[in-house]
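Q: Following this message is one structure expressed as structure tokens.
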Amino acid sequence: MMAETRKFELAVSPHIASPESVRRIMTDVVLALLPALAAAVYFFGFRVLLLTGLSVLAAVAAEVLCLRFMRKPVNIALDGSAVVTGILLAYNMPPSAPWWLPILGSAFAIAVAKQAFGGLGCNIVNPALLGRAFLLASFPVLMTAGWRPPMVDGPSGDGTWDQSGIPTARLEASDVVTGATPLNLLRQTYDWDADAAEAEAAGDGGQAAALRDRAAVARRLLFSRDTRINLFLGRIGGCIGETSALMLLLGAAYLFFRKVLEPRLPLSYLGAVALFAWIFGGPGAFQGDPLFHLLSGGVVLGGFFMVTDMVTTPVTRKGRIIFGIGAGLITMIIRRWGGYPEGCSYSILLMNLTVPLIDRYTKPRAFGEARKHG
Amino acid sequence: MSRARSFSGGTHPPGNKELSGSREIVRIPVPETLTVSLCQHLGAPSTPVVKPGDKVAFGQVLGERNGFISLPTHSPAAGKVVGVVEAPMPHRRTGPAVVISVESAEEAPAFEPWPYWGNRTPEELTDRIRDAGVCGMGGACFPTFIKLSPPPDKRIDTLIINGAECEPYLTADYRLMLESPDDVIEGMRILAAVLRVENPCIGIEVNKPDVIGLMKKKGVRVVALRTSYPQGAEKQLVHAVCRRKVPAGGLPLDIGVVVQNAGTCVAVVQAVRDGIPSVSRVTTVTGRGVRQPGNFLCSVGTPFSRLVEAAGGYGPDVKRLVSGGPMMGIAVHTDEVPVTKGTSGVLALSSEEAVGTDEGPCIRCGRCVDSCPLSLVPNMIAKASEYGKWEAARKLGALNCMACGTCGYVCPAGRHLVHYIKRAQDEIRAMARAGKGA
Ligand code: SF4
Ligand code: SF4
């Protein structure tokens, strides 16, 4: 007989667990974001690697420092969530941003938007997006003027392509002045419309007609098939991570098959953007171009990588759908009537704030619980 | 074949049933000393009626029923009472037990066998099942006779035999259904006779096609269930089989359904037909921490160490010993605890199998919410519990939770959700009692 009885570890049930872990999820998200980075390097050059790298380093460093300062175990910083924040922040920057901009933004994102709220899981808004909003408010010029045209020519030997994804030759043929990004150009067309109305009121019919004409030409170019293809592939000016819808979709598909991506959020968001784009995104009601709005700006990046941020979105199924639709609606409202050409990130930030409320009112009815009346 | 039925939510842990599934049930010899718990069932422990020095016969009553929700306890062997003590137990730290020094392992009917039980009244049958100490063998240990005595205003029209055995690793019910199908079926017929139910059925997960085939061949109505955890939980089983929802806070009884476990059917048939009280059970001893996982018939009171021995002893790597299945079972710190009527399995989990105890913050991924078979919000209840907000936890439905462990299984942050929720349940119940007292 054994002299000593053997002692076993005590633990709470369940005693087995799915192989999922926070680190595994974050690693998957990082992997899913990499194709878009490759596209950015291809279109904008190696500088974007530097910016993204600095952003990630700054995010992780900020996380470590904050945890140190709060005397929490520092190994939490290695769960990968700071890496994701760093990448996303860099992805929301123009490719020509100065090198210190992502560092500042990441540090802010981690320290203020995440750790000040209690760290992973406790933050209310998406840290990367708040970091971006902070930079946009503090350095509006640097955040909106650093666009560069893609370095790659069109496939058909059609000559160079404008930052808006429109062949330059066609731009020259019209008298449309180029926009920095497709959405900037679209915003200008709305401005021209407004100017035209003013000119008309002032009795300058000729000027009004010219402006209207220009807006119409620009829209026709923007909503053309070529532009769509360029938007899809990423041959356009824009933020680092926003360029290539194709690469982002590739990453999203990976996440979906790894079961990291909850389809309700992206689908309701993208669906809402498409619907509202069609309803009021065009010159008149029900004349909008859903595909253009889906593919331009940050919608694909946001829809698959920021609307889906687990921490800052609802935990209930119904809530996720409401969140997606709300964010889609706000995105389109900002694009059409707001002060910025792009509304994706602000729409998500705004919806982040509503999450506690959404969660509360979409709590599922417990199994067998009677439907409440009134 | 029609599509396998199921419920919404749940998860799919690896079954690991192949470890022990092909092993025939082996009888473990009655050890020299048995530690028979007086609290093997849900409800009040039985009151000991023997004292040290007493001679007891096989099947003799060691403890009497104490209150309505209670059961008597019988001696699994003939021998001498050595002590009535507090002993370490698998389901709680310690509990009252009668220690018996075994003299003969001979089994003999303790009641008059009723091979032709067909002419007995439902009341007689129910009393026999009660007096034989039969409780749910699936792990919950609820006294079976209570489920058989519904209040007069409740009409029972459905009897479901639970052959799902949805807990990973466990194969005891599987082997029982495969090796003693006639006992399971006869037990089911007795229960049906007591409840005056016409057409009882047995719910079996499709991962046991041989049992499904066997039962069908024997003319039993089988409902094939999708392999999904927790398919065998009463409410999920009832919903899958008859599309009726047990009301929150209610029992299957409330919607005219009674569920009994396949193992319980065998205990019932032994009590009624053979006159043998509930003093033994089939248990799966498995996990990668034992050398030869298998299924064993053992007397109540046999120490876990004997079971492990029968399973070839411990392997080099045993991290955790669990009484029951991996999802709902309880970790024990020693193998010197005895088998009780509810011991459906003994798991020796290796460090690779047993989940670590590290816990990270909730990342609000919502997986627990999506997978809770009772549509609760485990993350929110756990958070409320963590901060001691018992009232908030109650409002979120903490009391509905059946501790199935699905939420904890899927949580990527490794949160001890079940632990927090159980804690809240304890506090809420204590509050309710205090409220009534005041
Ligand atoms: S909350 Fe309770 S019932 Fe729901 S999954 Fe968790 S343990 Fe199971
Ligand atoms: S599964 Fe875990 S991490 Fe996800 S919401 Fe539930 S408690 Fe939080």
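So the protein sequences, as listed, match chains S and A.
The first sequence begins at 6 in this note's numbering and counts up by one.
The second sequence begins at 14 in this note's numbering and counts up by one.
All C-beta atoms, glycine included, are put in the ideal place defined by N, C-alpha and C.
Step through the CB atoms of chain A and report whether any lies within less than 9 Å of the CB of Thr317(S).
A: By 1-based counting over the first sequence, the position of residue 317(S) is 312. Yes, contact with chain A.
Q: For Asn308(A), go through chain S and note every residue whose CB falls closer than 8 Å to its CB, in chain order.
A: Here the question's residue 308(A) lines up with position 295 in the second sequence. In chain order: nothing, as chain S lies at least about 20 Å away.
Q: Return the chain-ordered list of same chain residues with a C-beta closer than 8 Å to the C-beta of Leu280(S), the five sequence neighbours on each side being excluded.
A: Along the first sequence, read from residue 1 onward, the residue named residue 280(S) stands at position 275. Cβ within range, chain order: Pro295 and Gly333.
Q: Below 6 Å CB to CB, which residues in the same chain sit around Val43(A) once its five sequence neighbours on both sides are set aside?
A: In the second sequence, residue 43(A) corresponds to position 30, counting from 1. If we look at Val43(A) and ignore the five residues flanking it on each side, its Cβ neighbours are Ala90, Val115, Ala118 and Ser312.
Q: Is it the case that the Cβ atoms of Val235(A) and Met150(A) are separated by a distance below 9 Å?
A: Residue numbering aside, residue 235(A) sits at position 222 when the second sequence is read from its first letter. Residue numbering aside, residue 150(A) sits at position 137 when the second sequence is read from its first letter. Cβ atoms of Val235(A) and Met150(A): not closer than 9 Å.
Q: Residues in the region 100-123 of chain A with C-beta within 7 Å of chain S's C-beta atoms, listed in sequence order?
A: none
Q: Determine the closest residue to Thr184(A) out of Arg36(A), Val69(A) and Cys148(A), with distance taken between C-alpha atoms.
A: Your numbering for residue 184(A) matches position 171 in the second sequence. Checking every option, the nearest Cα to that of Thr184(A) belongs to Arg36(A).
Q: Consider the Cβ of Leu15(S): report whether some Cβ of chain A lies at a distance smaller than 9 Å.
A: What you label residue 15(S) is simply residue 10 of the first sequence in a count that begins at 1. Taking Cβ atoms only, chain A reaches closer than 9 Å to Leu15(S), which makes this a yes.
Q: On the DSSP bridge assignment, give the partners of Glu99(A) in chain order.
A: Residue numbering aside, residue 99(A) sits at position 86 when the second sequence is read from its first letter. In the DSSP output, where bridge partners are listed per residue, Glu99(A) has Pro109(A).
Q: Is the closest heavy atom of ligand 4 to the C-beta of Leu270(S) under 8 Å?
A: For ligand 4, the structure offers nothing, since it holds only ligand 1 and ligand 2.
Q: So, with DSSP's three-state summary, where would you put Arg361(A)?
A: In the second sequence, residue 361(A) corresponds to position 348, counting from 1. According to the sequence as given, residue 361(A) is Ala; it is not Arg. Note: Ala361(A) maps to strand in three-state DSSP.
Q: Note down the Cα distance separating Val27(S) from Lys119(S), rounded to an integer number of angstroms.
A: In the first sequence, the residue the question calls residue 27(S) occupies position 22. In the first sequence, the residue the question calls residue 119(S) occupies position 114. About 16 Å.
Q: Do Gly314(A) and Ser83(A) have their CB atoms nearer than 9 Å?
A: Start at 1 with the first residue of the second sequence, and residue 314(A) comes out as number 301. Start at 1 with the first residue of the second sequence, and residue 83(A) comes out as number 70. For Gly314(A) and Ser83(A), no; Cβs fall outside 9 Å.
Q: So what's Ile289(A) in DSSP terms, helix, strand or just coil?
A: As a position in the second sequence, residue 289(A) is number 276, starting the count at 1. Ile289(A) falls in the coil class under three-state DSSP.
Q: Buried or exposed: where does Val305(S) fall if 16 or more other Cβ atoms within 10 Å of its Cβ makes it buried?
A: Within the first sequence, numbered from 1, the residue matching residue 305(S) stands at position 300. With 16 or more other Cβ atoms within 10 Å, it is buried.
Q: Spell out whether any CB of chain S is found under 9 Å from the CB atom of Asp348(A).
A: Residue mapping note: residue 348(A) aligns to position 335 of the second sequence, counting from 1. Output row for Asp348(A): interface = yes.
Q: Please classify Tyr187(A): is it buried, with 16 or more other beta-carbons within 10 angstroms of its beta-carbon, or exposed?
A: If you number the second sequence from 1, residue 187(A) lands on position 174. Tyr187(A) is buried by the Cβ-count criterion.
Q: What does DSSP give as the partner residue(s) for His346(A) in the beta ladder?
A: Within the second sequence, numbered from 1, the residue matching residue 346(A) stands at position 333. BP columns for His346(A) are empty, so no partner.
Q: Please report whether the beta-carbon of Ser23(S) lies at a distance below 9 Å from any beta-carbon of chain A.
A: By 1-based counting over the first sequence, the position of residue 23(S) is 18. Answer yes: the Cβ-Cβ gap between Ser23(S) and chain A drops below 9 Å somewhere.
Q: Select from Pro346(S), Glu374(S), Met315(S) and Ile326(S) the residue whose C-alpha is nearest the C-alpha of Arg380(A).
A: Stepping through the second sequence from its first residue, residue 380(A) is reached at position 367. Measuring from the Cα of Arg380(A), the nearest candidate turns out to be Met315(S).
Q: Among the candidates Gly373(S), Thr318(S), Ser352(S) and Tyr345(S), whose CA atom is the shortest distance from the CA of Asp364(S)?
A: On the first sequence, position 359 is the one that residue 364(S) refers to. If we check each option's Cα against that of Asp364(S), Thr318(S) comes out closest.
Q: I need the DSSP call for Glu116(A), collapsed to helix, strand or coil.
A: If you number the second sequence from 1, residue 116(A) lands on position 103. Three-state result, Glu116(A): strand.
Q: Can you tell me which of Leu56(S), Val222(S), Arg263(S) and Gly286(S) puts its alpha carbon nearest to the alpha carbon of Gly347(S)?
A: What you label residue 347(S) is simply residue 342 of the first sequence in a count that begins at 1. The sequence as given places Glu at residue 347(S); Gly does not occur at that position. Nearest of Leu56(S), Val222(S), Arg263(S) and Gly286(S) to Glu347(S), Cα basis: Gly286(S).
Q: Under 8 Å: does the beta carbon of Val431(A) sit that close to some heavy atom of ligand 1?
A: Indexing the second sequence from 1 puts residue 431(A) at position 418. Within the cutoff, so yes.
Q: Starting from the Cα of Ile174(A), find the closest Cα among Gly245(A), Gly263(A) and Gly226(A) and give me that residue.
A: For the purposes of this step, residue 174(A) is taken as residue 161 along the second sequence, with counting starting at 1. Selected option, being the one with the closest Cα: Gly245(A).
Q: Thinking just about the alpha-carbon of each residue, which of Gly373(A), Asp195(A), Ile38(A) and Val345(A) is nearest to the one in Cys127(S)?
A: On the first sequence, position 122 is the one that residue 127(S) refers to. Answer by Cα proximity: Gly373(A).
Q: Using a Cβ cut-off of 8 Å, pull out every chain A residue sitting near Gly256(S), in sequence order please.
A: As a working mapping, residue 256(S) is identified with position 251 in the first sequence. Those do not exist, as Gly256(S) stays about 18 Å from chain A at its closest Cβ, beyond 8 Å.
Q: Can you give the beta carbon distance from Thr149(S) to Pro187(S), rounded, assuming they're within the 8 Å contact cut?
A: Position 144 of the first sequence holds residue 149(S). Position 182 of the first sequence holds residue 187(S). At roughly 14 Å, the Cβ-Cβ gap does not stay under 8 Å, so Thr149(S) and Pro187(S) are not in contact.
Q: For Cys127(S), would you say it is in contact with chain A, using Cβ-to-Cβ distances shorter than 9 Å as the test?
A: Translated into the one-based positions of the first sequence, residue 127(S) becomes position 122. For Cys127(S), a Cβ of chain A is located within less than 9 Å of the residue's own Cβ.
Q: Compute the distance between the beta-carbons of Pro109(A) and Val94(A), then report whether it is under 9 Å.
A: Mapped onto the second sequence, residue 109(A) falls at position 96. Mapped onto the second sequence, residue 94(A) falls at position 81. Their beta carbons are not under 9 Å apart, which means Pro109(A) does not touch Val94(A) by this criterion.
Q: Would DSSP call Cys148(A) helix, strand or coil?
A: As a working note, residue 148(A) is residue 135 in the second sequence. Here Cys148(A) sits in strand by DSSP.
Q: Which chain S residues are close to Lys332(A), counting only those with a beta carbon under 7 Å from its beta carbon?
A: In the second sequence, the residue the question calls residue 332(A) occupies position 319. In chain order: Glu14.
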